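K.L.:
The structure's right below; bear with me while I get my questions together.
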């Protein structure tokens with residue numbers, strides 16, 4: 311069974327640009343959640359999608375958005391990139407809805423560098 | 250205000266030692282997760298628990314709801330256990346908070 315796949319693995323963007331990251335969950339999993347990890351702030355929760363609906367959202371500005379498709383694949387978009395958006399972006403998939411009652415399986419992450 | 254407090258921040262142990270990492274949280278959690286992150290960034294979920302105790306091999310996780318505290322224990326530590334261990338609390342109200350992580354180094 312394939313694991314969680316994130317693409318691309320590495321990305322360099324310029325300030326002001328936008329970026330789209332992709333996450334393919336484990337087959338059969340319907341929940342995808344996204345996280346940002348930086349040296350200064352550590353891991354932070356961005357949002358969670360289940361069956362194409364955003365269930366939960368962390369405390370991030372509106373420049374961060376996401377969506378989930380009918381095949382459970384999810385994309386995360388960051389518009390008007392800032393230097394501080396440089397981070398490792400991780401996604402995780404779960405079989406059920408809600409991180410409060412289901413185990414999460416993480417991808418390898420996308421390392422975004424904004425210059 | 251940090252909803253999840255983790256200690257110690259860094260830990261060095263000799264191979265074979267018993268290791269404990271602690272995590273404290275605020276009220277109202279639905280579940281607590283223990284995660285392991287190796288250099289390079291990949292994260293592995295070790296445990297998800299809301300009560301009691303769970304064991305996988307040499308790893309044991311416990312949670313005390315009354316004291317709002319969880320511990321991760323590693324018995325007979327090995328250099329391959331060297332990693333960052335992170336606890337994460339899922340709060341009712343659908344918010345997910347992470348501890349700052351414990352960097353563990355096990356010396357042969």
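Protein chains in written order, with my numbering: chain E, 311 to 425; chain V, 250 to 357. Using N, Cα and C, we set each Cβ at its ideal position, and we do this for glycine too. Predicted model only: the values in this text are computed from it and were never measured.
Can you round the beta-carbon distance between residue 355 of chain E and residue 345 of chain V to whole angstroms, since I take them to be within the 8 Å contact cut?
P.N.:
That pair is a contact at about 4 Å.
K.L.:
Based on Cα-Cα distance, which residue from E:316, E:349 and E:326 lies nearest to residue 424 of chain E?
P.N.:
E:326
K.L.:
Could you run through the stretch 308-341 of chain V and flag, in chain order, every residue whose CB is less than 9 Å away from some CB of chain E?
P.N.:
335, 337, 339, 340 and 341
K.L.:
If you follow the beta strand (DSSP E) that residue 326 of chain V is in, where does it begin and where does it stop?
P.N.:
No beta strand (DSSP E) contains residue 326 of chain V, which DSSP labels as neither H nor E.
K.L.:
Inspect the CB distances between the stretch 349-369 of chain E and the stretch 314-334 of chain E and report whether three or more fall short of 8 Å.
P.N.:
no
K.L.:
Does any CB atom of chain E fall closer than 8 Å to the CB of residue 355 of chain V?
P.N.:
Look at residue 355 of chain V: its C-beta is not under 8 Å from any C-beta on chain E.
K.L.:
Suppose the cutoff is 7 Å on Cβ atoms and the five residues either side in sequence are ignored; what does the same chain contact list for residue 257 of chain V look like?
P.N.:
351
K.L.:
Would you grab the beta carbon distance between residue 328 of chain E and residue 387 of chain E for me? Rounded to a whole angstrom, and I think it's under 8 Å.
P.N.:
6 Å
K.L.:
Look at the alpha carbon of residue 285 of chain V and the alpha carbon of residue 389 of chain E, and state the distance between them as a whole number of angstroms.
P.N.:
Going by the C-alpha atoms only, they are around 30 Å apart.
K.L.:
In this structure, does DSSP put residue 350 of chain E in helix, strand or coil?
P.N.:
coil
K.L.:
Decide yes or no for the touch test of the stretch 254-272 of chain V against the stretch 388-406 of chain E: beta carbon pairs closer than 8 Å, at least 3 of them.
P.N.:
They do not touch, by the three-pair rule.
K.L.:
So the candidates are E:394, E:392 and E:360; which of them puts its Cα closest to the Cα of residue 378 of chain E?
P.N.:
E:360
K.L.:
Determine, using beta carbons only, whether residue 351 of chain V comes closer than 8 Å to chain E.
P.N.:
no
K.L.:
Mind pulling the chain V residues with CB within less than 7 Å of residue 413 of chain E?
P.N.:
The answer, in chain order, is 294 and 297.
K.L.:
Apply the 10 Å Cβ neighbour rule to residue 342 of chain E and answer buried if 16 or more other Cβ atoms are within range, or exposed otherwise.
P.N.:
buried
K.L.:
By Cβ distance below 6 Å, which residues in the same chain neighbour residue 331 of chain E in space, the five residues on each side in sequence not counted?
P.N.:
386, 399 and 420
K.L.:
I need the boundaries of the beta strand (DSSP E) containing residue 216 of chain V, first residue and last residue.
P.N.:
This structure leaves residue 216 of chain V out entirely; chain V is present only between 250 and 357.
K.L.:
With a Cβ-Cβ cutoff of 8 Å, do residue 332 of chain V and residue 308 of chain V count as a contact?
P.N.:
No, these two residues do not count as a Cβ contact at 8 Å.
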